[in-house]
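Residue numbers (my numbering), protein chains in the order written: chain A, 1 to 224; chain B, 1001 to 1247.
C-beta: ideal position from N, C-alpha, C; glycine also.
Remember, predicted model here, so these are calculated numbers, not experimental data.
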């Protein structure tokens, strides 16, 4: 399989890899939001879904490692490409008017991405590490009703709510460019469908982060 | 018009360059940007100084030689024009104008505003052509039916003059708009199919080898391109590269 090595070490191959991991994360995010939204109207449904996701061996031992790989890969590849791209211009322009020809979002994917990475670190510290600790280190007995209380109480702290809002604003900025960009990268461009993909991208980039922000504010207000 | 010019001066690729400030006066708003540069150079020669080296040839927007980064934009302000098509009426009396060369590792500075765009020629040599049988039995191109949409798109791609504004303006100094235009003009036509498999792979690999950056789809190249080459070509090149790689 010599061609795969050649393909993925080329500039275009890396674009494909970046875009495919992005599309995977876009689908994951939708699933994550759908489950979290249930916490705003039904404690039981949220507990049931979380219990399933937290204990199903297929989710835990197949999908979760794939997700972690996808996230780590997307970030690592993003950094590698950023460094390579910076090296392609050794002397910077004295004056460069980027806003004349491109959006802020498209020029600053590395910064919005870095902010999301910091949030993920925080998110892991908040949820994922305690969860792994609970299940696989301390081997505590599984309580199917614990999830709702655990999640909701996190949002009692206004500082956490502010971090959430800020992070999802950056996620929105990242997606405003990233969604349609990932289609372009894999060559999925067509006069008939691309305008629709671009519109869908805008809707997704605003609605999905707004959904997560809504959940954080909803629980904060409920608790106060 | 009286203007302050801040111009990049550099003696060869080894030397570190610097911005130098010059004053020019009584410039007609109807003169072209390159005529204004000619006036500056005459002034410098009269003062016994070295004139500013810059590329130019046809001065009517078709040769792709002129290449200045003016006030932070490739070919300066204005849409779909080359530097030679830019006129001084776009500026105001008393303005300060920054003039820099195309900046990319793959385009080393030869002198002042002149850069070596030989990397583009080497990419073309890697596959930007159709091998033709010149035995005298060549089929008339007009005898081959081609979908009008494809013919138009191939022609649009072929309008690329290889000036390098796409590389200059891209935040990653990527050459993908140029390469994709050259891949597309053949990929869309039946004559290009014979060598399609190797073409995209060879040209893209050469592009990578020359040290251009990677495209992040900002779309800046499409906006600054004097010929309005579409990003659609980059998507097509990506498909062609995938096809060429897996087949």
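In the DSSP assignment, the residues bridged to residue 1008 of chain B are B:1019. Close CB contacts of residue 1108 of chain B within its chain, under the 8 Å cut and outside five residues either way in sequence, are with 1013, 1115 and 1116 (chain order). Chain order gives no chain A residues near residue 1025 of chain B, where near means a beta carbon separation below 7 Å; the closest approach is about 23 Å.
Secondary structure remark: continuous alpha helix (DSSP H) runs of at least 4 residues inside the segment 1134-1219 of chain B, in chain order: 1148-1158, 1165-1169, 1176-1187 and 1196-1209.
With contacts defined as CB atoms closer than 9 Å, residue 1072 of chain B and residue 100 of chain A qualify as a contacting pair. At least 9 Å separates the beta-carbon of residue 1135 of chain B from that of residue 1102 of chain B. Judged by DSSP secondary structure, residue 208 of chain A falls within the alpha helix (DSSP H) whose first and last residues are 194-223.
Residue 36 of chain A sits close to residue 215 of chain A, with the two beta carbons spaced by under 9 Å. By the Cβ neighbour-count rule, residue 1163 of chain B is buried, with 16 or more other Cβ atoms within 10 Å of its own.
For a cut-off of 8 Å, the C-beta gap from residue 1233 of chain B to residue 1180 of chain B is around 4 Å, short enough to register as a contact. Using a CB distance cut-off of 9 Å, residue 1073 of chain B counts as an interface residue toward chain A. Shown here, residue 1115 of chain B sits in a strand according to DSSP, grouped into three states. At the C-beta level, residue 1183 of chain B and residue 1236 of chain B come within 9 Å of one another.
For residue 47 of chain A, the nearest beta carbon of chain B is not closer than 9 Å to its own beta carbon. Taking C-beta separations shorter than 6 Å and ignoring five residues to either side along the sequence, the partners of residue 1240 of chain B in its chain run 1183, 1187 and 1200, following chain order.
One Cα belongs to residue 1222 of chain B, the other to residue 66 of chain A, and the distance between them is close to 36 Å.
In the DSSP assignment, residue 1098 of chain B falls within the beta strand (DSSP E) that extends over 1096-1100. For the pair residue 29 of chain A and residue 18 of chain A, the Cα-to-Cα distance works out to about 16 Å.
No Cβ-Cβ contact shorter than 9 Å links residue 171 of chain A with residue 137 of chain A.
The segment 1026-1037 of chain B and the segment 1081-1097 of chain B touch, with three or more beta-carbon pairs separated by less than 8 Å. Listed along chain B are 1216 and 1217, each with a C-beta nearer than 8 Å to that of residue 181 of chain A.
With a threshold of 9 Å between beta carbons, residue 199 of chain A makes no contact with chain B. Collapsing the DSSP output to three states places residue 156 of chain A in coil. Within the segment 1200-1211 of chain B, 1200, 1201, 1204, 1205, 1207, 1208 and 1211 place their CB atoms closer than 9 Å to a CB of chain A, listed in sequence order.
Membership of residue 6 of chain A in the alpha helix (DSSP H) is indicated by the continuous run 2-8. For the segment 86-139 of chain A, the continuous alpha helix (DSSP H) assignments of 4+ residues that do not extend past its boundaries occur at 104-107, 109-123 and 129-132, in sequence order. Looking only at A:81, A:23, A:80 and A:221, the smallest Cα-Cα distance to residue 154 of chain A is reached by A:221.
The beta carbon of residue 1157 of chain B is closer than 6 Å to those of 1181, 1184, 1185 and 1233 in its chain, skipping five residues each way along the sequence.
Between residue 1021 of chain B and chain A, the shortest Cβ-Cβ separation is not below 9 Å. Of the residues B:1130, B:1150, B:1214 and B:1128, the one whose Cα lies closest to the Cα of residue 1105 of chain B is B:1214. The three-state reading of DSSP puts residue 1229 of chain B in coil, since its state is none of H, G, I, E or B. Listed in chain order, the non-local C-beta contacts of residue 1025 of chain B below 6 Å within the same chain comprise 1002, local neighbours out to five positions each way being set aside. For residue 123 of chain A and residue 77 of chain A, the gap between their C-alpha atoms comes out near 21 Å. Approximately 5 Å separates the beta-carbon atoms of residue 184 of chain A and residue 1217 of chain B; this is inside 8 Å, confirming the contact. In the displayed model, residue 1075 of chain B falls within coil according to three-state DSSP, outside both helix and strand. Taking every protein chain shown into account, the CB of residue 168 of chain A has 16 or more other CB atoms within 10 angstroms, so this residue is buried.
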